[in-house]
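This report refers to the structure that appears directly beneath it.
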Amino acid sequence: MSKDNQYRITVEHLDDTQQCLQQLQFEFQDREDLFKLVENLKIGSELPDREAARLSVALRLLGPLMIQNRKHPIFVEFMPHFKTFMQNLKTTIKSALITNQNK
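What follows is the structure, encoded as structure tokens:
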């Protein structure tokens, strides 16, 4: 059994001079290597690097939360669409990574 990876997320609300007005910080565990997922999405999605990173983090925060709470009313209608989206995304990324390796 693999050990979960521990992560800390920090969100800072910045003013025009880049000074922190507010900060939100939380920790979470994930079985996936978030940094590897970010790199794979950068390669396989054709999104700009920053957008690929944002999407990777967002999906790893949302996905496990939805699975743990799949019967909760706020997730019930969205869950089938999320599942389809994730299956398509994984297929796209795997295909791109294979193509990239064969170059």
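Numbering-wise (numbering that gives the first Met the number 0), the sequence shown opens with residue 0 and increments by one.
Cβ atoms here follow ideal geometry from the backbone N, Cα and C, with glycine treated the same way.
- Threonine 91 and glutamate 45 have their alpha carbons spaced roughly 10 Å apart.
- Leucine 36 has its alpha-carbon roughly 15 Å from the corresponding atom of isoleucine 97.
- At a Cβ-Cβ threshold of 7 Å, asparagine 68 and phenylalanine 77 do not count as neighbours.
- For glutamate 31, no beta strand (DSSP E) segment is defined, and its DSSP state is neither H nor E.
- Rounded to whole angstroms, isoleucine 42 and alanine 95 show a C-alpha spacing of 7 Å.
- Per the DSSP secondary-structure output, histidine 12 pairs in a beta bridge with Gln21.
- With 16 or more other Cβ atoms from the protein chains shown falling within 10 Å of its own Cβ, leucine 40 counts as buried.
- Here DSSP, grouped into helix, strand and coil, assigns asparagine 39 to helix.
- Pairing threonine 9 with glutamine 100, the inter-Cα distance amounts to about 34 Å.
- Arginine 7 is bridged by DSSP to Glu26.
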